[in-house]
Amino acid sequence: MHSLFRRYLSLQPSVMRAILAEFFLQLVHNAFFLIANFYMSKEGYSDAVIAQVLSLRFLAVLIFALPLGLLVRRRRLLPFLRAGSVLVPLGYLLILLAIPQHSESLMGLGNVLVGAGLAMIQVLVIPYILRHEKVQHQAHAIALSFSNWSTTTFLLGIFFYILNHARAEALPESLMLALFTGLSCLGFVMLIGPWDDRPSPDEENVATLSSLRDYDWGLIARALAPSLIIGVGAGLSIPFISLFFKHAFAMGYEDFSLISSGATFLVTVGSLYGPHILERFGYGMAIVWSQSLSIGALAMMGISEFFAPSTGAMVLASICYLLRQPLMNMANPIVSELTMNLVGPRNREMTSALKQALWAASWFLSSQLFRGLRDAGFSFVWVFGATAAIYAVGVIWYARLIQVYQSRNVTGTS
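For the sequence shown, my numbering gives the first residue as 12, with consecutive numbering after it.
In structure tokens form, the structure reads like this:
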């Protein structure tokens, strides 16, 4: 245990500050994830409209991610990270102002700004870590970066529950969202100061890519295919799980936040121990088996809707949610490291940009599919069942990708 955390404390100061900046931006992002749907529902927005609004954010990430990957090759990444740390709070502020006014134009602008800012952060954080962190610590730095999502969700869930548990009526969602929108400005503060932001020696030795034909597209496609499949499944259910608990069990945002807090605490533990699991058991256990178990938990969560609103069904759904989250997400940093090692330094920024673009595209399309399913009257059991089937295809593809990667290591090819 002491040796494990000593590795995290040994990370480069600039990398730690970048990860801390990401933490504050994830704080506001997850605050909106946890309670914005409840707020919009109270303001009279239907599930289909909420899905339409969320899809704009994914579309913005899709639009900005790929040009960003082309733009930053052998350029300093810090200015882009700083710009993202400004756009995300500003965009969420506009969304917060637009919700009670039902202003489509203001909400659209806010989602575009959030999408652009998130694209900058999500595309560039991992390449920044790979540029500036020692090779022996890169897996731990990536794991710490990925744990920001789960850590902030855990803290938010505990905060929302404790703050509202003893109150006759929960504090307004708008107040909570405004508070964390303000706190997210600390992300920019973390990125202020003189930093060494030069490309790594490996990147300096790679010739500048002057054309799209200079990238190893076949290798990139093989590495990203399972992420795209998983993204389609995730976008169909993850943004709307709060609506499932609200409609099936009449759950308020403070109780849902508490359950999410417990789930994401387990995600944090799993993510931080991910490199250790990889070292001891290999990619099969760290990725394939953990995500396969998660699929089973998701399917059971959907089945619980048949027995709603009984207490037993709610307990079953909550337990499945607690298991699904860590089992699926603990593999993310390992998958990211596997992907970056597979494509090599020459393709990293482009691969990172494409991964975010494809993830956003899949979430955009899935949000539209969710909207269509809900408009047509399909229950959440069908939504979660479709998600589980799509996940299964992605996990099988991951298993094949791992076999290819391991065989190449054995033969010494890349």
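All C-beta atoms in this analysis are idealised placements derived from N, C-alpha and C, irrespective of residue type, glycine included. Please read these numbers as outputs of a predicted model, since none were measured by experiment.
Please report the distance separating the alpha-carbon of residue i from that of residue j.
i, j, result
"S271", "D225", "44 Å"
"F75", "P237", "22 Å"
"R233", "G263", "42 Å"
"I106", "L88", "27 Å"
"E265", "G168", "7 Å"
"I203", "A328", "44 Å"
"F191", "G198", "12 Å"
"P356", "A152", "17 Å"
"S221", "D227", "Confidence is the limiting factor: at S221 the pLDDT is only 47, short of 50, which leaves the residue's position unreliable, though a coordinate-based value still follows. Whole-angstrom Cα-Cα distance: 13 Å."
"G119", "V64", "8 Å"
"L369", "A319", "35 Å"
"I61", "A310", "24 Å"
"I364", "A32", "According to the sequence as given, residue 364 is Ala; it is not Ile. Near 20 Å, if we compare the C-alpha coordinates of A32 and A364."
"Y19", "I30", "12 Å"
"P286", "I345", "7 Å"
"E348", "E184", "37 Å"
"G313", "C331", "9 Å"
"L333", "Q147", "32 Å"
"S429", "C196", "With the chain represented from 12 up to 425, any question about residue 429 goes unanswered, as that position is not in the structure."
"F380", "A59", "Checking the displayed sequence, the identity of residue 380 turns out to be Leu instead of Phe. Looking at the two C-alpha atoms, the distance is approximately 10 Å."
"S21", "F43", "32 Å"
Closest to residue i by C-alpha separation, out of the options, would be which residue?
i, options, result
"A150", "Q302, L283, T398, R291", "L283"
"A400", "I241, S373, D227", "I241"
"V123", "A310, G285, M201, A71", "A71"
"S429", "G198, H113, F165, E180", "Absent from the structure is residue 429, since the part of the chain shown begins at 12 and ends at 425."
"V406", "E184, G119, I306, R335", "I306"
"L304", "P337, S315, S321, R291", "P337"
"T398", "F267, W374, L269, M325", "W374"
"I252", "T279, R68, L235, V394", "V394"
"G293", "Q414, L376, N48", "Q414"
"A371", "R68, Q23, G55", "R68"
"S301", "Q37, A403, S158", "A403"
Whole-angstrom Cβ separation of residue i and residue j, contact assumed at under 8 Å?
i, j, result
"V299", "Y409", "6 Å"
"M131", "L92", "6 Å"
"G128", "L82", "At roughly 15 Å, the Cβ-Cβ gap does not stay under 8 Å, so G128 and L82 are not in contact."
"E115", "V26", "The Cβ separation is near 40 Å, so there is no contact."
"A245", "E316", "At roughly 19 Å, the Cβ-Cβ gap does not stay under 8 Å, so A245 and E316 are not in contact."
"L45", "F267", "7 Å"
"G121", "A109", "6 Å"
"P111", "E54", "6 Å"
"T163", "F34", "6 Å"
Take the Cβ of residue i as the centre, count every other Cβ of all protein chains shown within 10 Å, and call the residue buried at 16 or more, exposed below.
i, result
"T350", "buried"
"R142", "buried"
"R86", "exposed"
"A274", "buried"
"H40", "buried"
"A297", "buried"
"A387", "exposed"
"H360", "Checking the displayed sequence, the identity of residue 360 turns out to be Glu instead of His. Result: buried."
"L186", "exposed"
"Q417", "exposed"
Cβ of residue i within 7 Å of any heavy atom in the ligand MN?
i, result
"P138", "Looking for the ligand MN in the displayed structure turns up nothing, as the structure carries no ligands at all."
When you compare the CB of residue i with every CB in chain C, is at least one pair closer than 8 Å?
i, result
"F318", "This model lacks chain C altogether, as it is built from one protein chain only."
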